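J.:
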Amino acid sequence: MRRTVFALLAATALVAGCQQPAETAEPAAAAEAPAPAPEMPADAPPQEEVDPALAMTPAGAPVSCLNDIGAEAAQRLVDRCIAVSPATHPPCNVANPCEMIQGEIDRSCEMYAPGEAKPAECAA
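Plus 24 on top of the position in the sequence shown (first one is 1) and you've got the numbering used here.
(1) Report the residue ranges of all alpha helix (DSSP H) runs contained in full by the segment 81-139; include only those spanning at least 4 residues, in chain order.
(2) Using C-beta distances below 7 Å, list every residue in its chain close to GLN99, excluding the 5 sequence neighbours before and after it, in chain order.
(3) Pick out whichever of CYS122, ALA144 and VAL39 has its Cα sitting closest to the Cα of ASN91.
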């Protein structure tokens, strides 16, 4: 009888130890409190202040050909690209960077053999 009581008591203690703890009100109060402003450690090297306008534009972001050289010049480049490109979906669009459009023109014109007649747009 004594062994049974001790076995039941031990089993109850094990099961009680496996249960999740009761939730307290402290985490909710901590979540509502505003976070302190981040501070640099005292031993950190000095940091340069960055202009917020510069921080918003990613470095090296491609600029559309339209914004780069203007509407008329960009459209002329696109027209040349369309005229020489054999691709089914060429990057001949004023929204693409001028380098990409010119690269498609160069790639397309290089496909011709040395003796073949190239379109006039390849010479422009």
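Glycine is no exception: its CB is placed at the ideal position from the N, C-alpha and C atoms. Note that this is a predicted model, so its numbers are computed, not measured.
T.: Put simply:
(1) Note on the segment 81-139: whole alpha helix (DSSP H) runs with a minimum of 4 residues are 89-93, 95-108 and 122-134, in chain order.
(2) Cβ neighbours of GLN99 within its own chain (closer than 7 Å, five residues either side excluded): VAL118.
(3) It is CYS122.
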